[in-house]
Every structure is written in C-alpha cells, then in structure tokens.
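Position 70, counted from 1, in the sequence shown is what the numbering used here calls 96; the numbers after and before it change by one each time, with no gaps. Everything below concerns the one structure shown next.
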Amino acid sequence: MASTKQRDFWYEEARAALRRRLYHYEGPRPHAKNVILLIGDGMGVATVTAARILRGQRLGGAGEDHQLAWDRFPALALARTYNADAQIGESSACATALLCGVKANFETVGLDARGRFENCFSSFTSRVSSLIDWAQQEDSNLSLPVLGSLAQHEISALANYATEAGKATGVVTTTRITHATPAALYAHSPSRYWEDDSKMPPQARKSCKDITRQLVEDDPGRNINTHHFKENSESTGGQTRYLWIYNQEL
Numbered sequence: 027m028a029s030t031k032q033r034d035f036w037y038e039e040a041r042a043a044l045r046r047r048l049y050h051y052e053g054p055r056p057h058a059k060n061v062i063l064l065i066g067d068g069m070g071v072a073t074v075t076a077a078r079i080l081r082g083q084r085l086g087g088a089g090e091d092h093q094l095a096w097d098r099f100p101a102l103a104l105a106r107t108y109n110a111d112a113q114i115g116e117s118s119a120c121a122t123a124l125l126c127g128v129k130a131n132f133e134t135v136g137l138d139a140r141g142r143f144e145n146c147f148s149s150f151t152s153r154v155s156s157l158i159d160w161a162q163q164e165d166s167n168l169s170l171p172v173l174g175s176l177a178q179h180e181i182s183a184l185a186n187y188a189t190e191a192g193k194a195t196g197v198v199t200t201t202r203i204t205h206a207t208p209a210a211l212y213a214h215s216p217s218r219y220w221e222d223d224s225k226m227p228p229q230a231r232k233s234c235k236d237i238t239r240q241l242v243e244d245d246p247g248r249n250i251n252t253h254h255f256k257e258n259s260e261s262t263g264g265q266t267r268y269l270w271i272y273n274q275e276l
C-alpha cells in the first residue's frame, strides 16, 4: 500500500469510494456541463445547525425544523476534516484535500504530506495540481486513472483538471485571492503565510516563489479569472496589498 504521505494512496481511496457509490446508484448518470464549488470556511455541523435554527426563528418558526437551501438538495454528504499531521483541520491543508484530493500537512498549500512547513526544498517533490488545471486543458477526457501517468512531483487537483478540459475557470472570494483557501487552487507553498516575499526567510526567496508570484506568473494561476466581492476600501486594500512592489532595486 502506498504511504499516506503520497498521492497514490489518496487517489486509490477516491476511486474505491466512487466505485462503491456507483455500484448502488441505479439512476441515470448524466455528465455535468459545469461545476460551481462553494466553500464556506469553517462551516462545520455546529455552525450550520446554528444558522439553520436562527434562520427558522427569524422566519417565525421554532427554528430546529427549518431547512436551508442545501438541505433540500437531492444528494447530501458529510466530510471529515483533518490534516495529515493534525487532528484539527486548518484552512490551507483542508483546501488542498478538497481541491486536490490529497491530505496535506498543517499550514502547507498545494503539497502532499511530504511537504514540510516552511521547508522550501520539500515543496519541489510534493507538489499537487488543482481543479483549475483540469478545466483549462483541451483534453476533456481526463479522469482519475490518468493521474498515474503524471510526473511524481505533479499531483493533479481540481483546478488544474478544469483547465485541462478546456473549461473557463474562475475564483470569486470574499478574502484575499492569495489567502489559504483560494491559494490551494493554484499555488504550491510550504507555508500559507508566504503570500509575498516579505513573509519568506531570505534563504527561501532564492529557490521558492511566494504565493502572489505563482498566481501572476505560473499556470494555472495566470489563466484564472478572479473577482473579489468586498467593496469597502479597507477590505479592498487587504485584498491587493500582496500585489504591490514596495521596494525594487533597478
């Protein structure tokens, strides 16, 4: 069995889970034309339960019997959130699992569990791709078994697959585009905090790119349409502050 630190273990787990569910599913299986993935950061069972009760009470009911929009979906599931090296889930590692299908270490982005926190060189052999790449490529027939043919250090994830299928891809966020959760769509960093080079140790700057540079310079980040929902100046300033060059030697 492959190590839980490597991609193959998680890919086989996903294949097995899909086979089990498809075996018991008797309805038609049409292919989705488009996918919209909504992520509510921190929306665990307790948070959703509180929201459900509050919404129901504001509408004049008892609250507990109220149904939110997704409670009425035809298919529902619960996801267990944890990191490869921690029982309590953290945004960047959980986003890597959600968008890349591979468990990651605490506070790393776009890496499998061989990537170690703030260890620049460990990121070279543990990178994972994302859904956006899957959509942006011209080959629309990519599927999980194809992943085995990728280079050892390139674990394809959700954003990358979208790119590879020739789909238009985008990110809408109420936080910074370089923040932990959206960064997992395009970045490979041993630290979620390396949003610009001022956050990186001097030695790491020589070999690793910060998250903002990966968004602007590398695939799939430079091909992603982005939109930021907050409109007040303070929030907008927070959104763009890692995209400015403050000091540059000419």
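Glycine residues also receive a C-beta, built at the ideal position from the N, C-alpha and C atoms. Given the structure is predicted, the values throughout are model-derived calculations rather than measurements.
> In or out: residue 139 buried (at least 16 other Cβ within 10 Å) or exposed?
Replying inline: buried
>> For residue 50 and residue 43, what's the separation of their Cα atoms in angstroms?
In response: 11 Å
> What number of angstroms, rounded off, separates the C-alpha of residue 107 from the C-alpha of residue 199?
Replying inline: 21 Å
> Using DSSP with H/G/I as helix, E/B as strand and the rest coil, what is residue 136?
Replying inline: coil
>> So the candidates are 146, 147, 116 and 144; which of them puts its Cα closest to the Cα of residue 132?
In response: 116
> Helix or strand or just coil, what does DSSP make of residue 99?
Replying inline: coil
> residue 62 to residue 125, Cα distance in whole Å?
Replying inline: 12 Å
> Between which two residues does the beta strand (DSSP E) containing residue 196 stretch?
Replying inline: 196 to 199
> Where does residue 36 fall in DSSP's three states?
Replying inline: helix
> Out of curiosity, what's the CA-to-CA distance linking residue 239 and residue 83?
Replying inline: 46 Å
> Are at least three pairs of beta-carbons, each pair with one atom in the segment 232 to 251 and one in the segment 199 to 216, less than 8 Å apart?
Replying inline: yes
>> Within 10 Å of its beta-carbon, does residue 159 have 16 or more other beta-carbons around it, so buried, or fewer, so exposed?
In response: buried
> What is the rounded straight-line gap between the Cα of residue 264 and the Cα of residue 121?
Replying inline: Residue placement at residue 264 is poorly supported in this model, since its pLDDT is 47, which falls under 50; the coordinates still yield a value, given next. The alpha-carbon atoms of residue 264 and residue 121 are separated by roughly 21 Å.
>> For residue 157, tell me which candidate among 123, 217 and 78 has the shortest Cα-Cα distance.
In response: 123
> Can you give the Cα-Cα distance for residue 45 and residue 37, rounded to whole angstroms?
Replying inline: 12 Å
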